Amino acid sequence: MTVYLWEWFALGAAILGLILFDLFGHVRRPHEPTIKEAAIWSALYVGIAIIFGLIVYWRHGNQFGTEYFAGYITEKSLSLDNIFVFIIIIAAFQVPRIFQQKVLMYGIVIALLLRLIFILVGAALIERFVWVFFIFGIWMFYTAAKQVYDGILEGRARGKEIDPHEEYEPNFITRLISKYLRVTDGYVGDRMIARHQGKTAITPLLLCVVSIGSVDLMFALDSIPAIYGLTQEPFIVFATNAFSLLGLRQLFFLVDGLLEHLIYLHYGLAVILGFIAVKLVLHASHGYGIFTFVPEPSILVSVGFILGVILVTIISSVIGARRLNKK
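Numbering-wise, this note's numbering puts 173 at position 168 of the sequence shown, and it's gapless, one number per residue.
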(Lines of atoms letter the chains of each structure in order from A and count residues from 1; the text may use other names and numbers.)
(Lines give C-alpha, C1' and ligand atoms only; values in the text may rest on other atoms or scores of the structure.)
Protein backbone atom coordinates (compact mmCIF):
# COMPACT_ATOMS: atom_id res chain seq x y z
CA MET A 1 0.00 0.00 0.00
CA THR A 2 1.52 3.30 -1.13
CA VAL A 3 0.35 6.20 1.02
CA TYR A 4 1.49 9.61 -0.12
CA LEU A 5 2.50 12.29 2.37
CA TRP A 6 -0.50 14.42 1.44
CA GLU A 7 -2.81 11.57 2.53
CA TRP A 8 -1.24 11.58 5.99
CA PHE A 9 -1.66 15.36 6.13
CA ALA A 10 -5.28 15.07 4.97
CA LEU A 11 -6.02 12.44 7.64
CA GLY A 12 -4.29 14.57 10.29
CA ALA A 13 -6.21 17.67 9.20
CA ALA A 14 -9.53 15.79 9.32
CA ILE A 15 -8.82 14.45 12.82
CA LEU A 16 -7.63 17.86 14.06
CA GLY A 17 -10.72 19.48 12.55
CA LEU A 18 -13.01 17.02 14.34
CA ILE A 19 -11.20 17.59 17.64
CA LEU A 20 -11.44 21.39 17.33
CA PHE A 21 -15.10 21.14 16.32
CA ASP A 22 -15.78 19.05 19.43
CA LEU A 23 -13.79 21.33 21.72
CA PHE A 24 -15.34 24.60 20.55
CA GLY A 25 -18.74 23.28 19.50
CA HIS A 26 -19.64 21.05 22.45
CA VAL A 27 -17.11 20.94 25.26
CA ARG A 28 -16.88 24.74 25.47
CA ARG A 29 -20.57 24.84 26.48
CA PRO A 30 -20.84 22.50 29.49
CA HIS A 31 -24.10 20.53 29.38
CA GLU A 32 -25.44 17.05 29.90
CA PRO A 33 -26.05 15.41 26.50
CA THR A 34 -29.42 13.80 25.94
CA ILE A 35 -29.73 10.28 24.53
CA LYS A 36 -31.00 11.81 21.28
CA GLU A 37 -28.01 14.16 21.00
CA ALA A 38 -25.55 11.36 21.77
CA ALA A 39 -27.24 9.07 19.21
CA ILE A 40 -27.12 11.72 16.47
CA TRP A 41 -23.46 12.55 17.03
CA SER A 42 -22.51 8.87 17.37
CA ALA A 43 -24.19 8.18 14.04
CA LEU A 44 -22.36 11.15 12.51
CA TYR A 45 -18.95 9.89 13.65
CA VAL A 46 -19.70 6.37 12.43
CA GLY A 47 -20.80 7.91 9.12
CA ILE A 48 -17.52 9.85 8.83
CA ALA A 49 -15.57 6.65 9.52
CA ILE A 50 -17.55 4.81 6.83
CA ILE A 51 -16.97 7.59 4.29
CA PHE A 52 -13.25 7.47 5.03
CA GLY A 53 -13.33 3.70 4.51
CA LEU A 54 -14.99 4.16 1.12
CA ILE A 55 -12.25 6.63 0.19
CA VAL A 56 -9.65 3.99 1.15
CA TYR A 57 -11.50 1.52 -1.11
CA TRP A 58 -11.44 4.02 -3.97
CA ARG A 59 -7.81 5.07 -3.46
CA HIS A 60 -6.16 1.76 -2.52
CA GLY A 61 -8.44 -1.08 -3.61
CA ASN A 62 -10.61 -3.80 -2.06
CA GLN A 63 -7.89 -5.44 0.05
CA PHE A 64 -6.95 -2.35 2.03
CA GLY A 65 -10.51 -1.06 2.14
CA THR A 66 -11.64 -4.33 3.72
CA GLU A 67 -8.69 -4.23 6.14
CA TYR A 68 -9.78 -0.75 7.21
CA PHE A 69 -13.35 -1.83 7.95
CA ALA A 70 -12.17 -4.98 9.75
CA GLY A 71 -9.90 -2.84 11.90
CA TYR A 72 -12.55 -0.21 12.56
CA ILE A 73 -15.16 -2.78 13.61
CA THR A 74 -12.63 -4.45 15.93
CA GLU A 75 -11.49 -1.16 17.48
CA LYS A 76 -15.09 -0.02 17.94
CA SER A 77 -15.89 -3.28 19.74
CA LEU A 78 -12.85 -2.98 21.99
CA SER A 79 -13.77 0.64 22.76
CA LEU A 80 -16.79 -0.64 24.70
CA ASP A 81 -14.30 -2.09 27.18
CA ASN A 82 -12.73 1.38 27.46
CA ILE A 83 -16.11 2.81 28.37
CA PHE A 84 -16.52 0.36 31.25
CA VAL A 85 -13.32 1.71 32.80
CA PHE A 86 -14.10 5.34 31.96
CA ILE A 87 -17.43 5.03 33.79
CA ILE A 88 -15.62 3.72 36.88
CA ILE A 89 -12.97 6.48 36.79
CA ILE A 90 -15.50 9.29 36.30
CA ALA A 91 -17.68 7.90 39.10
CA ALA A 92 -14.66 7.63 41.40
CA PHE A 93 -13.72 11.27 40.78
CA GLN A 94 -17.41 12.25 41.16
CA VAL A 95 -17.20 14.44 38.05
CA PRO A 96 -20.39 16.53 37.66
CA ARG A 97 -22.42 15.31 34.68
CA ILE A 98 -22.15 18.62 32.80
CA PHE A 99 -18.33 18.48 32.89
CA GLN A 100 -17.95 14.86 31.81
CA GLN A 101 -17.79 15.76 28.11
CA LYS A 102 -14.72 17.92 28.76
CA VAL A 103 -12.99 15.20 30.77
CA LEU A 104 -13.61 12.61 28.07
CA MET A 105 -12.59 14.88 25.19
CA TYR A 106 -9.24 15.90 26.66
CA GLY A 107 -8.59 12.34 27.86
CA ILE A 108 -9.23 11.04 24.35
CA VAL A 109 -6.86 13.63 22.84
CA ILE A 110 -4.09 12.46 25.20
CA ALA A 111 -4.88 8.83 24.34
CA LEU A 112 -4.75 9.58 20.60
CA LEU A 113 -1.29 11.17 20.86
CA LEU A 114 0.03 8.26 22.93
CA ARG A 115 -1.42 5.72 20.50
CA LEU A 116 0.27 7.46 17.56
CA ILE A 117 3.62 6.85 19.27
CA PHE A 118 2.72 3.20 19.91
CA ILE A 119 1.64 2.73 16.28
CA LEU A 120 4.86 4.20 14.86
CA VAL A 121 6.98 2.05 17.19
CA GLY A 122 4.94 -1.03 16.27
CA ALA A 123 5.29 -0.29 12.56
CA ALA A 124 9.08 0.06 12.87
CA LEU A 125 9.31 -3.25 14.77
CA ILE A 126 7.20 -5.37 12.43
CA GLU A 127 9.02 -3.96 9.41
CA ARG A 128 12.33 -5.30 10.77
CA PHE A 129 11.40 -8.33 12.86
CA VAL A 130 8.86 -11.00 11.91
CA TRP A 131 9.12 -12.55 15.40
CA VAL A 132 7.33 -9.50 16.83
CA PHE A 133 4.10 -11.11 15.61
CA PHE A 134 4.77 -13.99 18.02
CA ILE A 135 4.92 -11.46 20.88
CA PHE A 136 1.73 -9.78 19.69
CA GLY A 137 0.02 -13.17 19.36
CA ILE A 138 1.00 -14.33 22.86
CA TRP A 139 -0.18 -11.00 24.27
CA MET A 140 -3.51 -11.38 22.47
CA PHE A 141 -3.96 -14.85 24.00
CA TYR A 142 -3.27 -13.35 27.42
CA THR A 143 -5.70 -10.50 26.78
CA ALA A 144 -8.39 -12.93 25.61
CA ALA A 145 -7.91 -14.99 28.79
CA LYS A 146 -8.16 -11.82 30.87
CA GLN A 147 -11.43 -10.93 29.15
CA VAL A 148 -12.82 -14.34 30.13
CA TYR A 149 -11.63 -13.82 33.71
CA ASP A 150 -13.22 -10.35 33.83
CA GLY A 151 -16.44 -11.83 32.45
CA ILE A 152 -16.48 -14.47 35.21
CA LEU A 153 -15.89 -11.84 37.91
CA GLU A 154 -18.59 -9.63 36.44
CA GLY A 155 -20.99 -12.56 36.35
CA ARG A 156 -20.35 -13.32 40.04
CA ALA A 157 -20.85 -9.67 40.97
CA ARG A 158 -24.01 -9.27 38.88
CA GLY A 159 -26.99 -8.52 41.05
CA LYS A 160 -24.84 -7.34 43.96
CA GLU A 161 -24.40 -3.74 45.00
CA ILE A 162 -20.84 -2.72 44.08
CA ASP A 163 -19.46 0.71 44.81
CA PRO A 164 -17.49 1.87 41.71
CA HIS A 165 -15.23 3.93 44.00
CA GLU A 166 -13.93 0.67 45.48
CA GLU A 167 -13.10 -0.73 42.06
CA TYR A 168 -10.92 2.19 41.00
CA GLU A 169 -7.31 2.55 42.11
CA PRO A 170 -5.36 5.59 40.86
CA ASN A 171 -2.56 4.57 38.51
CA PHE A 172 1.10 5.46 39.00
CA ILE A 173 0.95 8.67 36.93
CA THR A 174 -2.11 9.98 38.79
CA ARG A 175 -0.57 9.17 42.19
CA LEU A 176 2.69 10.85 41.18
CA ILE A 177 0.93 14.07 40.14
CA SER A 178 -1.18 14.09 43.31
CA LYS A 179 1.96 13.66 45.41
CA TYR A 180 4.04 16.48 43.96
CA LEU A 181 1.43 19.01 42.82
CA ARG A 182 -1.08 20.94 44.90
CA VAL A 183 -4.65 19.79 44.26
CA THR A 184 -7.76 21.82 45.14
CA ASP A 185 -10.20 20.37 47.65
CA GLY A 186 -13.00 20.26 45.12
CA TYR A 187 -14.04 21.25 41.61
CA VAL A 188 -13.68 24.85 40.49
CA GLY A 189 -16.29 24.89 37.76
CA ASP A 190 -14.79 23.25 34.68
CA ARG A 191 -11.33 24.71 35.30
CA MET A 192 -8.30 22.42 35.35
CA ILE A 193 -5.95 24.89 37.05
CA ALA A 194 -7.04 27.37 39.71
CA ARG A 195 -5.78 29.53 42.55
CA HIS A 196 -6.06 27.78 45.92
CA GLN A 197 -5.11 29.48 49.18
CA GLY A 198 -3.12 32.05 47.24
CA LYS A 199 -1.21 29.43 45.23
CA THR A 200 -1.70 27.84 41.82
CA ALA A 201 -3.12 24.33 42.04
CA ILE A 202 -4.60 21.72 39.74
CA THR A 203 -8.20 20.56 40.15
CA PRO A 204 -9.63 17.02 40.37
CA LEU A 205 -10.92 17.61 36.82
CA LEU A 206 -7.35 17.66 35.49
CA LEU A 207 -6.48 14.58 37.55
CA CYS A 208 -9.43 12.73 36.01
CA VAL A 209 -8.34 13.77 32.49
CA VAL A 210 -4.80 12.48 33.15
CA SER A 211 -6.20 9.27 34.62
CA ILE A 212 -8.37 8.57 31.57
CA GLY A 213 -5.62 9.49 29.12
CA SER A 214 -2.96 7.39 30.86
CA VAL A 215 -5.17 4.36 31.52
CA ASP A 216 -5.73 4.16 27.77
CA LEU A 217 -2.09 3.10 27.52
CA MET A 218 -3.20 -0.30 28.80
CA PHE A 219 -5.96 -0.44 26.19
CA ALA A 220 -3.44 0.54 23.52
CA LEU A 221 -1.36 -2.50 24.48
CA ASP A 222 -4.42 -4.60 23.59
CA SER A 223 -5.94 -2.84 20.62
CA ILE A 224 -2.83 -1.96 18.61
CA PRO A 225 -1.45 -5.54 18.45
CA ALA A 226 -5.03 -6.61 17.62
CA ILE A 227 -5.29 -4.25 14.66
CA TYR A 228 -1.82 -5.27 13.44
CA GLY A 229 -3.26 -8.78 13.27
CA LEU A 230 -5.65 -7.52 10.60
CA THR A 231 -3.42 -5.12 8.69
CA GLN A 232 0.25 -4.14 8.67
CA GLU A 233 -0.39 -0.68 7.22
CA PRO A 234 0.34 2.10 9.79
CA PHE A 235 -1.98 4.48 7.90
CA ILE A 236 -4.94 2.13 8.37
CA VAL A 237 -3.94 1.32 11.96
CA PHE A 238 -3.86 5.00 12.93
CA ALA A 239 -7.05 5.85 11.04
CA THR A 240 -9.07 3.06 12.69
CA ASN A 241 -7.75 3.99 16.14
CA ALA A 242 -8.44 7.68 15.58
CA PHE A 243 -12.01 7.30 14.32
CA SER A 244 -12.93 4.79 17.02
CA LEU A 245 -11.50 7.05 19.75
CA LEU A 246 -13.06 10.26 18.43
CA GLY A 247 -16.52 8.69 18.54
CA LEU A 248 -15.94 7.39 22.06
CA ARG A 249 -17.23 10.50 23.87
CA GLN A 250 -20.64 10.33 22.20
CA LEU A 251 -20.75 6.55 22.61
CA PHE A 252 -20.09 6.98 26.35
CA PHE A 253 -23.29 8.97 26.85
CA LEU A 254 -25.25 6.74 24.49
CA VAL A 255 -24.44 3.42 26.11
CA ASP A 256 -23.88 4.60 29.70
CA GLY A 257 -26.48 2.60 31.61
CA LEU A 258 -27.00 0.18 28.71
CA LEU A 259 -23.67 -1.64 28.99
CA GLU A 260 -24.99 -3.66 31.90
CA HIS A 261 -27.28 -5.42 29.41
CA LEU A 262 -24.30 -6.63 27.36
CA ILE A 263 -23.64 -9.33 29.93
CA TYR A 264 -21.56 -11.48 27.57
CA LEU A 265 -19.46 -8.66 26.11
CA HIS A 266 -16.23 -9.87 27.73
CA TYR A 267 -16.68 -13.36 26.28
CA GLY A 268 -17.38 -11.96 22.80
CA LEU A 269 -14.25 -9.79 22.95
CA ALA A 270 -12.28 -12.80 24.19
CA VAL A 271 -13.32 -14.84 21.13
CA ILE A 272 -12.38 -11.99 18.76
CA LEU A 273 -9.00 -11.45 20.44
CA GLY A 274 -8.35 -15.20 20.48
CA PHE A 275 -9.06 -15.37 16.74
CA ILE A 276 -6.67 -12.48 16.07
CA ALA A 277 -4.05 -14.15 18.28
CA VAL A 278 -4.20 -17.28 16.11
CA LYS A 279 -3.94 -15.10 13.01
CA LEU A 280 -0.86 -13.31 14.39
CA VAL A 281 0.90 -16.54 15.36
CA LEU A 282 0.16 -18.09 11.95
CA HIS A 283 1.48 -14.99 10.19
CA ALA A 284 4.72 -15.14 12.20
CA SER A 285 5.04 -18.91 11.70
CA HIS A 286 4.61 -18.62 7.94
CA GLY A 287 7.40 -16.04 7.94
CA TYR A 288 9.74 -18.75 9.25
CA GLY A 289 8.27 -21.53 7.08
CA ILE A 290 6.42 -23.14 10.01
CA PHE A 291 2.83 -24.48 9.88
CA THR A 292 2.58 -23.45 6.24
CA PHE A 293 -0.02 -26.20 5.74
CA VAL A 294 -2.41 -24.16 7.93
CA PRO A 295 -3.73 -21.21 5.88
CA GLU A 296 -3.89 -17.78 7.49
CA PRO A 297 -7.51 -16.53 7.55
CA SER A 298 -8.13 -14.00 4.78
CA ILE A 299 -9.31 -10.50 5.58
CA LEU A 300 -12.83 -11.33 4.30
CA VAL A 301 -12.99 -14.37 6.59
CA SER A 302 -11.77 -12.16 9.45
CA VAL A 303 -14.48 -9.55 8.84
CA GLY A 304 -17.18 -12.21 8.64
CA PHE A 305 -15.94 -13.89 11.82
CA ILE A 306 -15.75 -10.63 13.81
CA LEU A 307 -19.20 -9.46 12.68
CA GLY A 308 -20.64 -12.89 13.46
CA VAL A 309 -19.19 -12.90 16.98
CA ILE A 310 -20.47 -9.37 17.64
CA LEU A 311 -23.97 -10.34 16.45
CA VAL A 312 -24.05 -13.51 18.56
CA THR A 313 -22.74 -11.57 21.59
CA ILE A 314 -25.45 -8.91 21.33
CA ILE A 315 -28.31 -11.39 20.79
CA SER A 316 -27.18 -13.75 23.56
CA SER A 317 -26.62 -10.80 25.94
CA VAL A 318 -30.12 -9.43 25.35
CA ILE A 319 -31.69 -12.87 25.89
CA GLY A 320 -29.53 -13.53 28.95
CA ALA A 321 -30.26 -10.12 30.49
CA ARG A 322 -34.01 -10.66 30.10
CA ARG A 323 -33.80 -14.04 31.83
CA LEU A 324 -31.85 -12.53 34.73
CA ASN A 325 -34.39 -9.71 35.11
CA LYS A 326 -37.22 -12.23 35.35
CA LYS A 327 -35.58 -14.01 38.28
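Glycine residues also receive a C-beta, built at the ideal position from the N, C-alpha and C atoms. All of these numbers come straight from a predicted model, not from anything done at the bench.
- In the DSSP annotation of this structure, the continuous segment of the beta strand (DSSP E) that includes residue 205 starts and ends at 204-207.
- About 6 Å separates the Cβ atoms of residue 236 and residue 76, confirming a contact at the 8 Å cut-off.
- Checking the DSSP bridge columns, you'll see residue 188 partnered with 207.
- The C-alpha of residue 17 lies about 13 Å from the C-alpha of residue 9.
- Put simply, the backbone Cα of residue 157 is about 46 Å away from that of residue 200.
- For residue 143, the closest alpha carbon among the candidates 290, 311, 126 is that of 290.
- Look at residue 120 here: in three-state DSSP terms it is helix.
- For the pair residue 71 and residue 304, the CB atoms are nearer than the 8 Å cut-off.
- As the crow flies, the alpha-carbon of residue 65 is around 31 Å from that of residue 86.
- For residue 196, the secondary structure class from DSSP, reduced to helix, strand or coil, is coil.
- No residue range can be given for residue 294, since it is assigned to no alpha helix (DSSP H) and is classified by DSSP as neither H nor E.
- From the listed residues 102, 240, 248, 187, the smallest Cα separation to residue 208 is found for 187.
- Short of 6 Å from the beta carbon of residue 248, and not among the five residues preceding or following it, lie these beta carbons of its own chain, in chain order: 54.
- Note on geometry: alpha-carbon atoms of residue 282 and residue 13 lie some 29 Å from one another.
- Classified as buried, residue 246 has 16 or more neighbouring CB atoms from the shown chains inside 10 Å of its CB.
- One thing to note: residue 257 has its Cβ within 8 Å of the Cβ of residue 91.
- The alpha-carbon separation between residue 22 and residue 298 amounts to approximately 47 Å.
- Close CB contacts of residue 152 within its chain, under the 6 Å cut and outside five residues either way in sequence, are with 271, 274, 275 (chain order).
- Contact check for residue 94 against residue 250 fails: the beta carbons are separated by 8 Å or more.
- A straight line joining the alpha-carbon of residue 6 with that of residue 43 spans about 35 Å.
- Burial state of residue 118 is exposed, judged by a 10 Å Cβ sphere holding fewer than 16 other Cβ atoms.
- Distance from the CA atom of residue 267 to the CA atom of residue 309, rounded to whole angstroms, is 21 Å.
- Secondary structure note for residue 102: it is in no alpha helix (DSSP H), with a DSSP letter that is neither H nor E.
- Bounds of the alpha helix (DSSP H) holding residue 239 are 239-251.
- Of the residues assessed, residue 221 falls on the buried side of the cut-off, its CB having 16 or more other CB atoms within 10 angstroms.
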